[in-house]
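Asker: In UniProt numbering, the protein residues as written are 1 to 548.
Just so you know, even glycine gets a beta-carbon here, dropped at the ideal spot from N, CA and C.
Since we're looking at a predicted model, the values are computed, not measured.
Below is one structure. I have some questions about it.
See the structure below:
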């Protein structure tokens, strides 16, 4: 009446019941079937016993996981084996129980209980389908007629099984001390948390929702013999996402709160706060919470904050020194373009310190002829890591300082032309100015995801580093940044910047500064001078950190 087949673990089983009982009912069929032997291949419809035997052999081999043997019990071994391997390989299914029903002629219905298992997800899939026993061409053996619906009733010759994620795994982002970063409290972190979720969800232990589908691979064929075809990508099984994984970030919720408060009080403002010593990002905030993430992905001319890189270049090349005379005329020309200072000021008989602290444009333009076209680009990359393959933790623009020629080369020295930065890159630049060596900014611990941080080719020359720090300290205490840095004592440094934009009435205001081991950079688009727009934003956040 049938049989049961178990594996060594006693888990898989196949029942072929009630098939042999058809021998009497189907006696008329068996009576005229020729069995071959010496008379040649068997012909005629399969007998009831042949139907039972063929079905049992196929289902038993499938249940035992022997796909090659199972495929050999069909009339298309190649297609059957590929599909059976898809069942376990692509679909991540294991047949646990195959139970045949009452045969009707050569057709044997059966129930399948399979277990789905993929990346920690487990689910049962049960369904009913059927097989048909036919005589194989050539030798007349009774075998299973192969068609995709033998595996699942929703499969056709134009579909195959596939597992697809329904979305990223859920993640609960926490700050450096384990506090949950709720985007309702910190709206600027919406795109940041989402980016971290997409990058680190699985590595943090999260599991996404999954679907097992009958996926369309080719136009449905009329040879399937059905009046209508299943819809494309029919969902056969849905497995919900697992519990959220916890991902510890480098963010500091108290610094983030201060940054959120300050950008919310301003229009088109963006800021990044980080630790120069470690590269850990403490806060990322934008006034526009629903727009582009300017803080990390913006591509804006940085104006005079770029002079930190340019000054480091001049200092290393001995083309300037803090207390040596340095020209700062009202205007200067290079490559046929005239350049001027804000309000056309000049410094007569001044030093490079005075020019830097006052953010004199012409003090840098006058040095353009003494620099090779590639010098600034090389300095930005080799010392400050600009444009490198940073592994911040989510997509970020790491800056661009292309090689420029003629007038564009001079414009790049003061952060105009084709130079492009954002608060992240400028926070990194001012951090490198403080420490003398580039440390890549990051939002997660270095070990998460095994993504090695980017490095710069070399550190800033020791003497040039001390001179640059000295210049930035002067700017913060008595230069163009002093108003915004008021109240901050000890180890401080800052640089202001204004970047003109064609068609824009007011320039974009920039400000980058450090106080101890906390650095920040901000931009206020259309804000005007950096010391009057982005400067108070940075100063307020640094003071809030200092007051903790």
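#1: Considering only the alpha carbon of each residue, which of 505, 354, 538, 49 lies closest to residue 327?
#2: Spell out the partners DSSP gives residue 339 in its beta bridges.
#3: To the nearest angstrom, how far is it from the Cα of residue 230 to the Cα of residue 421?
#4: Give the DSSP bridge partners of residue 514, in chain order.
#5: Quick check: the Cα distance between residue 468 and residue 359, rounded to an integer number of angstroms?
#6: Under a Cβ-count criterion, where at least 16 other Cβ atoms within 10 Å of its own Cβ denotes burial, should residue 52 be classed as buried or exposed?
#7: For residue 220, does the three-state DSSP call read helix, strand or coil?
#8: How far does the beta strand (DSSP E) with residue 151 in it extend, from its first residue to its last?
#9: If you drop the 5 nearest sequence neighbours on each side, which residues of the same chain put their C-beta closer than 7 Å to that of residue 302?
#10: Would residue 518 and residue 275 qualify as a contact pair, given that the criterion is a beta-carbon distance under 9 Å?
#11: Helix, strand or coil, according to DSSP, for residue 167 in the structure here?
#12: Check this for me: beta carbons of residue 297 and residue 397, under 9 Å apart or not?
#13: Using the three-state DSSP reduction, which class does residue 117 fall into: helix, strand or coil?
#14: Does the region 281-294 touch the region 331-347, meaning 3 or more C-beta pairs lie closer than 8 Å?
#15: Taking the straight line between their C-alpha atoms, what separation do you get for residue 72 and residue 165?
#16: Alpha carbon to alpha carbon, how far is residue 521 from residue 528? Give it in angstroms, no decimals.
#17: Look up residue 421 in the DSSP assignment and give the residues it is bridged to.
#18: Please classify residue 380: does DSSP put it in a helix, a strand, or coil?
#19: For residue 91, I'd like the list of residues in its chain whose CB is within less than 8 Å of its CB, leaving aside the five on either flank, ordered along the chain.
#20: Looking only at its own chain, which residues have a Cβ that is under 7 Å from the Cβ of residue 293, when we skip the five neighbours before and after it?
#21: Here's the rule: buried if 16 or more other CB atoms are within 10 angstroms of the residue's CB, otherwise exposed. What is residue 486?
#22: Suppose the cutoff is 7 Å on Cβ atoms and the five residues either side in sequence are ignored; what does the same chain contact list for residue 87 look like?
#23: Counting only runs that start and end within the region 30-116, where is the beta strand (DSSP E) found for 3 or more residues in a row?
#24: Got a sec? Which residues, its chain only, sit under 7 Å from residue 146 by beta carbon, not counting five neighbours each side?
#25: Would you call residue 128 buried or exposed, if buried means 16 or more other Cβ atoms sit within 10 Å of its Cβ?
#26: According to the neighbour-count rule (16 or more other Cβ atoms, all chains shown, within 10 Å of its Cβ), is residue 548 buried or exposed?
#27: Just curious, the alpha helix (DSSP H) that residue 547 is in, first and last residue?
#28: So, at 7 Å on beta carbons, what are the nonlocal neighbours of residue 253 in its own chain, with the 5 sequence-adjacent residues on each side left out?
#29: So what does DSSP say about residue 458, is it helix, strand or coil?
#30: Apply the 10 Å Cβ neighbour rule to residue 399 and answer buried if 16 or more other Cβ atoms are within range, or exposed otherwise.
#31: Am I right that residue 428 and residue 385 are in contact with their C-beta atoms under 8 Å? What's the rounded C-beta distance?
#32: Residue 417 and residue 404 - do their beta-carbons sit closer together than 9 Å?
#33: Does DSSP put residue 281 in a helix, in a strand, or in coil?
#34: When DSSP labels each residue in this structure, what does residue 274 get in the three-state scheme?
#35: What is the DSSP secondary structure of residue 366, counted as helix, strand or coil?
Answerer: So, from the data block:
#1: For the purposes of this step, residue 327 is taken as the residue at position 327 of the chain shown. Nearest option by C-alpha distance: 354.
#2: Taking the chain shown and counting its residues from 1, the one referred to as residue 339 is at position 339. The partner list for residue 339 (beta bridge, DSSP) reads 332.
#3: Working through the chain shown from its first residue, we reach residue 230 at position 230. Working through the chain shown from its first residue, we reach residue 421 at position 421. Any reading at residue 230 must be qualified, since the residue scores a pLDDT of 46, below 50, and its modelled position is unreliable; the value itself is stated next. Rounded to whole angstroms, residue 230 to residue 421 spans 52 Å at the Cα level.
#4: Walking along the chain shown from the start, residue 514 turns up at place 514. Note: residue 514 sits in a beta bridge opposite 493, 519.
#5: As a first step, residue 468 must be located in the chain shown, where it is residue number 468. As a first step, residue 359 must be located in the chain shown, where it is residue number 359. If I take the Cα positions, the gap works out to 14 Å.
#6: In the chain shown, residue 52 corresponds to position 52, counting from 1. Buried: at least 16 other Cβ atoms inside 10 Å.
#7: Position 220 of the chain shown, counted from the start, is the residue given in the question as residue 220. Unreliable positioning characterises residue 220 in this predicted model, as indicated by a pLDDT of 48, which lies under 50. The coordinate reading is nonetheless provided below. Residue state, collapsed to three classes: coil.
#8: Position 151 of the chain shown, counted from the start, is the residue given in the question as residue 151. Run containing residue 151: none; DSSP gives neither H nor E here.
#9: The residue you call residue 302 lines up with position 302 of the chain shown. Answer for residue 302: 415, 419, 421, 426, 497, 499, 510, listed in chain order.
#10: For this step, residue 518 is matched to residue 518 along the chain shown. For this step, residue 275 is matched to residue 275 along the chain shown. Yes. Within cutoff.
#11: Stepping through the chain shown from its first residue, residue 167 is reached at position 167. Residue 167 falls in the coil class under three-state DSSP.
#12: Within the chain shown, numbered from 1, the residue matching residue 297 stands at position 297. Within the chain shown, numbered from 1, the residue matching residue 397 stands at position 397. Going by C-beta atoms, residue 297 is nearer than 9 Å to residue 397.
#13: For the purposes of this step, residue 117 is identified with residue 117 of the chain shown, where counting begins at 1. Here residue 117 sits in strand by DSSP.
#14: no
#15: Counting from 1 along the chain shown, the entry for residue 72 is found at position 72. Counting from 1 along the chain shown, the entry for residue 165 is found at position 165. Approximately 34 Å between the Cα atoms of the pair.
#16: On the chain shown, position 528 is the one that residue 528 refers to. On the chain shown, position 521 is the one that residue 521 refers to. Each residue's Cα considered, the two are about 16 Å apart.
#17: Position 421 of the chain shown, counted from the start, is the residue given in the question as residue 421. According to DSSP, which records beta bridges pairwise, residue 421 is partnered with 300.
#18: Translated into the one-based positions of the chain shown, residue 380 becomes position 380. Here residue 380 sits in helix by DSSP.
#19: For this step, residue 91 is matched to residue 91 along the chain shown. For residue 91, where only same-chain residues beyond five positions count, the Cβ hits under 8 Å are 116, 161, 162, 163, 212.
#20: Here residue 293 refers to the residue found at position 293 when the chain shown is read from its first residue. The beta carbon of residue 293 is closer than 7 Å to those of 191, 286 in its chain, skipping five residues each way along the sequence.
#21: As a first step, residue 486 must be located in the chain shown, where it is residue number 486. Classification of residue 486: exposed, given that the 10 Å Cβ count is below 16.
#22: As a position in the chain shown, residue 87 is number 87, starting the count at 1. Cβ neighbours of residue 87 beyond the five flanking positions: 93, 151, 161.
#23: 93-100
#24: For the purposes of this step, residue 146 is taken as the residue at position 146 of the chain shown. The answer, listed in chain order, is 74, 75, 76, 79, 80.
#25: Sequence index remark: in the chain shown, residue 128 carries index 128 (1-based). The residue in question, residue 128, is exposed, as its Cβ has fewer than 16 Cβ neighbours within 10 Å.
#26: The residue labelled residue 548 in the question sits at position 548 within the chain shown. Answer is exposed; the Cβ neighbour count stays below 16.
#27: Residue 547 sits at position 547 when you count from the first residue of the chain shown. Element bounds for residue 547: n/a, residue is neither H nor E.
#28: Counted from its first residue, the chain shown places residue 253 at position 253. Same-chain partners within the cutoff: 175, 179, 181.
#29: Mapped onto the chain shown, residue 458 falls at position 458. Correct three-state label for residue 458: coil.
#30: Taking the chain shown and counting its residues from 1, one reaches residue 399 at position 399. Taking every protein chain shown into account, the CB of residue 399 has 16 or more other CB atoms within 10 angstroms, so this residue is buried.
#31: Residue mapping note: residue 428 aligns to position 428 of the chain shown, counting from 1. Residue mapping note: residue 385 aligns to position 385 of the chain shown, counting from 1. Indeed they touch by this definition, with Cβ atoms about 7 Å apart.
#32: As a working mapping, residue 404 is identified with position 404 in the chain shown. As a working mapping, residue 417 is identified with position 417 in the chain shown. Result yes, Cβ atoms of residue 404 and residue 417 sit closer than 9 Å.
#33: Against the chain shown, residue 281 aligns to sequence position 281. Correct three-state label for residue 281: strand.
#34: Here residue 274 corresponds to residue number 274 of the chain shown, with the count starting at 1. The answer is strand: DSSP assigns residue 274 an E or B state.
#35: Sequence index remark: in the chain shown, residue 366 carries index 366 (1-based). Note: residue 366 maps to coil in three-state DSSP.
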